[in-house]
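To start, the structure under review is shown below, and the notes come after it.
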Amino acid sequence: MSEAAKEKLAALMREHPKPTGIILGYGTAGFRSRSDILPWIMIRIGILAALRSKVKQACIGTMITASHNPEHDNGVKLIDPHGEMLDQSWEVFANNLSSLDDDVNKLWKYLETLMAQLNVQLHDNAMIAIAYDTRQSSPLLASIVQRAAEIFYANVMNFELLTTPQLHYAVRCYNDDGLYGHYTEAGYFTKLCTAFQNLIEMTPNTKPCETLAVDAANGIGAHKLTYVNQQLPGLLHLEIFNDGTRGHLNEKCGADYVKLYQKAPEGLPLTNYSKYCSIDGDADRLVYFFMDQNHQFRMLDGDRFSVLFVAFIAKKLQEAKLLDQVQIGVIQTAYANGSSTDYIINILKVPVACVPTGVKHLHHKALDYDIGIYFEANGHGTILFSDNVKNKIKAAAEDANRTEAERLAANQLRAFIDIINETVGDAIADLLATEAILSVLNLSIEGWLNLYTDLPQRQLKVPVKDRTMIQTTDAERRCVAPVHLQDCIDELVSKYPSGRSFVRPSGTEDIVRVYAEAATQEQADQLADAVRKIVEDMTK
Ligand SMILES: CC(=O)N[C@H]1[C@@H](OP(=O)(O)O)O[C@H](CO)[C@@H](O)[C@@H]1O
Ligand SMILES: [Mg+2]
Numbered sequence: 042m043s044e045a046a047k048e049k050l051a052a053l054m055r056e057h058p059k060p061t062g063i064i065l066g067y068g069t070a071g072f073r074s075r076s077d078i079l080p081w082i083m084i085r086i087g088i089l090a091a092l093r094s095k096v097k098q099a100c101i102g103t104m105i106t107a108s109h110n111p112e113h114d115n116g117v118k119l120i121d122p123h124g125e126m127l128d129q130s131w132e133v134f135a136n137n138l139s140s141l142d143d144d145v146n147k148l149w150k151y152l153e154t155l156m157a158q159l160n161v162q163l164h165d166n167a168m169i170a171i172a173y174d175t176r177q178s179s180p181l182l183a184s185i186v187q188r189a190a191e192i193f194y195a196n197v198m199n200f201e202l203l204t205t206p207q208l209h210y211a212v213r214c215y216n217d218d219g220l221y222g223h224y225t226e227a228g229y230f231t232k233l234c235t236a237f238q239n240l241i242e243m244t245p246n247t248k249p250c251e252t253l254a255v256d257a258a259n260g261i262g263a264h265k266l267t268y269v270n271q272q273l274p275g276l277l278h279l280e281i282f283n284d285g286t287r288g289h290l291n292e293k294c295g296a297d298y299v300k301l302y303q304k305a306p307e308g309l310p311l312t313n314y315s316k317y318c319s320i321d322g323d324a325d326r327l328v329y330f331f332m333d334q335n336h337q338f339r340m341l342d343g344d345r346f347s348v349l350f351v352a353f354i355a356k357k358l359q360e361a362k363l364l365d366q367v368q369i370g371v372i373q374t375a376y377a378n379g380s381s382t383d384y385i386i387n388i389l390k391v392p393v394a395c396v397p398t399g400v401k402h403l404h405h406k407a408l409d410y411d412i413g414i415y416f417e418a419n420g421h422g423t424i425l426f427s428d429n430v431k432n433k434i435k436a437a438a439e440d441a442n443r444t445e446a447e448r449l450a451a452n453q454l455r456a457f458i459d460i461i462n463e464t465v466g467d468a469i470a471d472l473l474a475t476e477a478i479l480s481v482l483n484l485s486i487e488g489w490l491n492l493y494t495d496l497p498q499r500q501l502k503v504p505v506k507d508r509t510m511i512q513t514t515d516a517e518r519r520c521v522a523p524v525h526l527q528d529c530i531d532e533l534v535s536k537y538p539s540g541r542s543f544v545r546p547s548g549t550e551d552i553v554r555v556y557a558e559a560a561t562q563e564q565a566d567q568l569a570d571a572v573r574k575i576v577e578d579m580t581k
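The sequence shown begins at 42 in this note's numbering and counts up one residue at a time.
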């Protein structure tokens, strides 16, 4: 390989040395840490993105964000050609590169071996798309990724400020030759907003638009949602709070804060509006909330989006006389409230699959259906539509032999599909989809909440000596180690009406999570606490 490239790499490594003793692993969210100790890993990521692009002969995305974490953190993750997360088999290469110290000869040797194994050359073409959220540390980190990728002969498109889902979308469009949409930011907004407008305008008697107050977590979503507001005058009205002009990113606000503490964010007036929502720092999570007539804070999380979306889709498929030809499935994790699962299975008659925690598991399972709807309870999720179902809906919409009502329902579905960002959970797309459905179904936020009643639940974080002592099976719903832990949980659960509880080691924090639900809040709390005690005893 070229000596000049190696020399450039050595110079970049001298500029951004790896701190001694640091260990960083590529997890569900890529590499994440305090921003000041991240520059060196950006060199490795830039190289890896270039190699991945050479292998796939497609554009690879590099998103710089730490999502709902504080401003002083940052992170980076790669996006594969169809806009999906980096294939798990490449996490090993990311970790190998991360573990190598600043010895350019050793690193170069590893890269030569890796490139031989991958059957690519230094001079092969590569294309990288970079974007970042509003963190102050991001532009520098992006420039390091770019320089490293360029040493490996990559062309770099730097989109600068985007939400995470916008970059996933851009990568998909770029590699699809525009089939999915145009890869620019204008292309993204035009596709989503035109679809929203079409859906509302083709539907008779929609509910008039009511202002939605948005907590934008002082992040990137605030900038982006102003475009949505401008593009949909009279059809959607967003009042944006926590827009970054005063507060700090994700501090006492944002979707993670609202979901975790089950309370309203700071920075917005709680009495002025009938409905509210919070997004997170990189705008891939969404939760809704409002104050009910008794001045109680009421939250609608990921499970509620699954229910709303599946109810709408099933209704429209039924009206289009397509329901019996389409296999719909909802994918949840064990954290989904049991009432939502019951409602989907027993009232909506749609099957529910349960998978382990983490978006990649949900996304993967959703591909098994014609229409796969997935949400984590925290508000991250989307819908996948197979090409087959898209074609069926299109054909029905254009079939002159069908009734007007059937064709209208098919056209409503066509528009709805274009609002959804199928590459990844997207707060902006999910917000538009939610507002469109509430309007088309003439449903208020209370009406949406009243579809079913959540079982009271409690989640606890339990610090233990070694969380890997806990091992699970059956989509994390049952423990296989330590022995007898599951027997003890079963015995406790049997004492509580509608009781359910499970424990699993967190994949992102050094703790064990305990989840419990039961008929009353007091019982859910008691059950969670009793399970916590057993976990503590058995992991001493
Ligand atoms: C209970 C819970 O909310 N778990 C979160 C959390 O995973 P843990 O493995 O539970 O730490 O972070 C993941 C990544 O953001 C997210 O996908 C998941 O939903
Ligand atoms: Mg996020």
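Using N, Cα and C, we set each Cβ at its ideal position, and we do this for glycine too.
- prompt: When the Cβ atoms of the region 230-237 are set against those of the region 347-357, are three or more pairs found closer than 8 Å?
  reply: no
- prompt: Counting along the chain, where does the alpha helix (DSSP H) carrying residue 184 start and finish?
  reply: 179-192
message: I need the straight-line Cα distance from residue 81 to residue 274, nearest angstrom please.
response: 45 Å
- prompt: When the distance is taken between beta carbons, is residue 340 closer than 8 Å to residue 303?
  reply: yes
Residue 381 beta carbon near ligand 1 (any heavy atom closer than 7 Å): no
query: What three-state label does DSSP hand residue 504 in the structure shown?
result: coil
query: Within this structure, are the beta carbons of residue 318 and residue 276 separated by less than 8 Å?
result: no
message: Quick check on residue 88: buried or exposed, where buried means 16 or more other Cβ atoms within 10 Å of its Cβ?
response: buried
- prompt: Taking the alpha carbon of residue 261 as the point to measure from, which residue in 559, 112, 79, 240 has its own alpha carbon closest?
  reply: 112
- prompt: At a cut-off of 7 Å, is residue 415 close to ligand 1 when judged by its beta-carbon and the heavy atoms of the ligand?
  reply: no
- request: Measure from the C-beta of residue 329 to each C-beta in chain D and report whether the shortest distance is under 8 Å.
  value: Judged by its chain identifiers, the structure shown contains no chain D, having just a single protein chain.
- prompt: Quick one: what's got a C-beta closer than 6 Å to residue 196's C-beta in the same chain, skipping five residues either side?
  reply: 168
query: Got a sec, what are the start and stop residues for the beta strand (DSSP E) residue 206 sits in?
result: Unbroken run through residue 206 is the alpha helix (DSSP H), 205-216; no beta strand (DSSP E).
query: Are residue 470 and residue 451 touching if we call contact CB-CB under 8 Å?
result: no
C-alpha gap between residue 90 and residue 65, whole angstroms: 17 Å
message: What does DSSP give as the partner residue(s) for residue 340 in the beta ladder?
response: 330
task: Please find out if some non-hydrogen atom of ligand 2 comes closer than 7 Å to the beta-carbon of residue 264.
output: no
task: Measure the CB-CB distance between residue 322 and residue 106 and report whether it falls below 8 Å.
output: yes
query: If you check the beta carbons only, do residue 71 and residue 124 fall under 8 Å apart?
result: no
- prompt: Which partner residues of residue 68 appear in the DSSP bridge assignment?
  reply: 71
- prompt: Run through DSSP, which three-state label would residue 542 get?
  reply: strand
message: Pull the bridge partners of residue 317 from the DSSP assignment, please.
response: 254, 330
Cβ pair residue 424, residue 461 closer than 8 Å: yes
message: Any heavy atom of ligand 4 closer than 7 Å to the beta-carbon of residue 205?
response: By its list of ligands, the structure shown excludes ligand 4, since it contains just ligand 1 and ligand 2.
- request: Look up residue 114 in the DSSP assignment and give the residues it is bridged to.
  value: 75
field: Local conformation of residue 548 per DSSP, three classes
entry: coil
query: Quick one: any contact between the region 93-102 and the region 164-181, if contact means 3 or more CB pairs under 8 Å?
result: yes
- prompt: For ligand 1, is there a heavy atom less than 7 Å away from the beta-carbon of residue 399?
  reply: yes
- request: Give me the Cα-Cα distance between residue 400 and residue 43, rounded to the nearest whole angstrom.
  value: 40 Å
message: Quick check on DSSP: helix, strand or coil for residue 268?
response: helix
message: If contact is defined by three or more beta carbon pairs under 8 Å, each pair taking one atom from either stretch, is the region 378-396 in contact with the region 254-269?
response: no
task: Count the C-beta pairs between the region 186-200 and the region 169-177 that are closer than 8 Å, then say yes if the count reaches three, no if not.
output: yes
Contact under 8 Å by Cβ, residue 361 with residue 447: yes
Cα-Cα separation between residue 248 and residue 218, rounded to whole angstroms: 37 Å
query: So which of 158, 191, 68, 179 has the shortest CA-CA distance to residue 135?
result: 68
query: Using the C-alpha atoms, what's the distance from residue 181 back to residue 148?
result: 23 Å
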